[in-house]
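What the sequence shown shows, in my numbering, is residues 961 to 1591, in sequence order. Built from N, CA and C at the ideal position, the CB exists for glycine as well. To start, the structure under review is shown below, and the notes come after it.
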Amino acid sequence: MIVTPLKRSDAMYRLLLVISFICFSSAGCVPQDNSKTGKTVSSGKAIHATIDDWLFDQEEDQEEGAAPQKAMTRNMRGGSAPIPQMLAQGMAPAAAKSKALGFAVGGAKDSNNFRENLNQGFLPKYHAISYEGVFYDYYFDTGIGTGQCDDLFCPSYAKAVVPDLFSQQPNYYLTLGLNSGLTEASFSRKPLNLVMVVDISGSMGGGLDNYYYDGSTKKPIEEAEARKTKMQVANETIVAMMQHLKPGDNFGVVLFDDRAYRAKALRLVEETDMKAIAGHIMEIREQGGTNWQAGYEEGLKLYASLEEGRKTVADYENRIIFLTDAMPNTGELRKGGLFDMVRNAAERGIFTSFIGIGVDFNPELVEYVTKTKGANYFSVHNAKEFSKTLADDFNFMVTPLVFDLELTVTSDNYIIDGVFGSPEADLATGKVMYIKTLFPSASEDTKVKGGVVLVKLKKNSKAGNSSEPIDLTVRYKDRSGKQFMTSDTVRFTGKKYGYANAGIRKAILLADYVSLVKNWLLDQNKTCNDHVNSSPPHPVPLFARSGLINPDTRKERVMIATWERRSCPLSVSEGYGKLFTLFRMHFAEESKILGDGQLQQELDILEQLIDVTQQATKKPLATGKKDDWEL
């Protein structure tokens, strides 16, 4: 295997990352070794001896074909100081009033894969963007902190009636606000049993910003030798996460290519030489094929080493963090394979987070897995940026608190027509909406980060202007399995259009944005890589007649034919270019009303897509505030 040497600047950053970890994990940065007493000393205090229990020798494995588990132990010795007891993320210093916490759904926690594909000039795949991933970038008014809430989960509701942008027919919406009685002061995650399962297959040697399977046709990159590989970013991401572990946590590592390797036993952080482990992790290189199932199975085996009393769901968080570029070519991916393993592990109280590495990460592979109880997904293209995410979200991402939530709508006049902002949206029936998991989420004033699920209602044509009540019942379970129920009533009155608050207004705007983008991706991807090879249809007449279509309900939706994917060039048909132009004007006007500067990132994407169309057609589309195209 050829290993590309790092440039000095790149190597320096990786060295600084390890040094920062060393300083973070020891009071006084570098512990002192008192050879006379045989104790490791930090800041004048004796601490436990620590162990470098790293088992994986990459050179030995490559040269000798070593077995997945080696019967050897490294350097059982006193080492650097363990990470000092830290203030838990989500725990605030003493203050006059502690901030409230809300909830956000599981599933995708960002839309980074979608954005990075656009940045690199690639056509994103259909699952690269999701409603819940986009929602998690924003704070929504849920009324949190304005009422009395002493329970774990306190749903709130807001309603809106707005005309469809394209058909002008009225649409009826509700938001389920994900509020809680938790505060930063009352929240603290339980001790964590964390196993990192890391893909070290050959494709992890590819660059972050190109498609591994493009081969000789891959997009040329300036200064390619200076760019990090997916493996290097994965290593840095693991070390960044290690900084958020506490002395009472257990930490283990499994590596896998076409087989699995137990790299580090599941051991208490306070007994582990974390400085040495970080150094070993930064040295990991890519090799071999890909067998997800083997890696996940080995990760589960590490939990067998724990005493039963140290992994009960009531007292401990049990989580596998699975880092991969999602390009498996060996192992079972059908029923009985990885997907079922993740579901079965969740029933045992072992939950899973997926971290996708690189622009060619295939989000379709985790679309199904993250519908599992307790699961979530992040996409990483920059280790420094992900470190910022971890600073805010690590303790939240490993602490699911609400399970099996159901919202039942009881009405003679309305049924559920669509759900936006939940990975389980496709499970909704006309009467019931399902959410498998809620995770804690930060709040600002009366707003919660990612704190809403948008429900579109369909009105019975015979209902007329009836304002009969709609009964809403929520059932959910806590970590212990205890079930709770709350109920409320809402009414749609009169014929006037309007929004109950800015939270539902923002949710509708973003849901429409994602729906339009996903319709485009569905049609544009038909020309590249999928089962269907045809030109995208002209969408304008269809949208004018039927309104903005929920893309998840389209029967012709097609999926990627192979796991190993080549790139598709970014392109936008003229019809979608016109729709994006019209929607851009609407989005800009709504953004001004909402006053959320974060919305500019979506406006920039709309501008980019319009520009792609203009470049292809060599003529400007409608600009300014005038829509000068005709159906």
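What's the gap between the Cα of residue i and the Cα of residue j?
i, j, result
"L1469", "G1410", "14 Å"
"K1442", "D1448", "21 Å"
"E1307", "G1334", "10 Å"
"D1320", "C1109", "44 Å"
"L1205", "L1152", "8 Å"
"Y1099", "D1300", "34 Å"
"Y1337", "N1425", "43 Å"
"I1281", "T1349", "15 Å"
"G1291", "Q1253", "Note that G1291 has pLDDT 46, beneath the 50 cutoff, so the model's placement of it is unreliable and the number below is only indicative. Going by the C-alpha atoms only, they are around 6 Å apart."
"T1258", "Y1328", "First, the amino acid is wrong: residue 1258 is Glu here, not Thr. Approximately 21 Å, taken between the alpha carbons."
"G1269", "F1074", "42 Å"
"S1339", "V1450", "38 Å"
"S1071", "D1285", "15 Å"
"Y1133", "F1540", "23 Å"
"G1309", "S1127", "47 Å"
"Q1203", "D1209", "12 Å"
"D993", "A1343", "With a pLDDT of 38 at D993, under the threshold of 50, the predicted position of this residue should be treated as unreliable, though the coordinate-derived value follows. Each residue's alpha carbon lies about 32 Å from the other."
Our contact map puts residue i next to residue j with C-beta atoms below 8 Å; I'd like the distance itself, whole angstroms only.
i, j, result
"S1313", "M1357", "6 Å"
"G1381", "E1196", "So it is not a contact: roughly 31 Å between Cβ atoms."
"S1090", "T1102", "Actually they do not touch by this definition, with Cβ atoms about 20 Å apart."
"S1440", "Q1484", "Contact doesn't hold; Cβ gap of about 47 Å is too wide."
"V1157", "F1211", "Not a contact, Cβ separation roughly 13 Å."
"A1194", "L1325", "Rounded, the Cβ-Cβ distance is 16 Å, inconsistent with contact."
"I1160", "I1244", "6 Å"
"V1063", "F1354", "In the sequence as displayed, the identity of residue 1063 is Phe instead of Val. In fact, because the Cβ distance is near 17 Å, the residues do not count as touching under 8 Å."
"Y1473", "F1547", "7 Å"
Pick helix, strand or coil for residue i, following the three-state DSSP scheme.
i, result
"D1353", "helix"
"K1437", "strand"
"Y1098", "coil"
"E1230", "helix"
"D1472", "helix"
"L1136", "strand"
"A1064", "strand"
"F914", "Lying outside 961 to 1591, the shown extent of the chain, residue 914 is not represented and no answer is given."
"K1059", "coil"
"L1481", "helix"
"I1244", "coil"
"S1339", "strand"
"N1251", "strand"
"K1005", "Residue placement at K1005 is poorly supported in this model, since its pLDDT is 42, which falls under 50; the coordinates still yield a value, given next. K1005: strand per DSSP, three-state reduction."
"A1286", "coil"
"R1465", "helix"
"G1093", "helix"
"Q1144", "Residue identity differs from the one stated: residue 1144 is Glu in this sequence, not Gln. Three-state result, E1144: coil."
"I1104", "coil"
"V1358", "coil"
The beta strand (DSSP E) spanning residue i covers which residue range?
i, result
"G1212", "N1210 to F1216"
"V1532", "Here V1532 belongs to no beta strand (DSSP E), and DSSP marks it neither H nor E."
"D1510", "The question names Asp, but residue 1510 is Asn in the sequence shown. Unbroken run through N1510: none, as it is neither H nor E."
"R1270", "Neither: R1270 is in no beta strand (DSSP E) and is coded neither H nor E."
"E1428", "That residue, E1428, is in no beta strand (DSSP E); it is neither H nor E in DSSP."
"L1365", "V1362 to T1370"
"D1377", "Y1374 to F1380"
Under the rule that 16 or more other beta-carbon atoms within 10 Å means buried, what is residue i, buried or exposed?
i, result
"E1428", "exposed"
"N1077", "buried"
"T1277", "Reading the sequence as shown, one finds Glu at residue 1277 and not Thr. Burial call: buried."
"G1107", "exposed"
"M1445", "exposed"
"Y1148", "Here the sequence assigns Ser to residue 1148, which means Tyr is not the residue at that position. With fewer than 16 Cβ atoms within 10 Å of its Cβ, S1148 is classed as exposed."
"G1316", "buried"
"N1304", "exposed"
"A1402", "buried"
"K1455", "exposed"
"A1068", "buried"
"Q1080", "buried"
"T1577", "exposed"
"R1505", "exposed"
"D1275", "exposed"
"P1084", "buried"
How far does the alpha helix (DSSP H) with residue i in it reach, from first residue to last?
i, result
"T1573", "Q1560 to T1577"
"V1450", "It is not in any alpha helix (DSSP H) - V1450 instead sits in the beta strand (DSSP E) that spans Q1443 to V1450."
"I1317", "I1317 -> not in any alpha helix (DSSP H); beta strand (DSSP E) instead, spanning F1311 to I1317."
"T1197", "K1190 to M1202"
"D1159", "Unbroken run through D1159 is the beta strand (DSSP E), L1152 to D1159; no alpha helix (DSSP H)."
"D1300", "L1298 to E1307"
"F1074", "N1072 to N1079"
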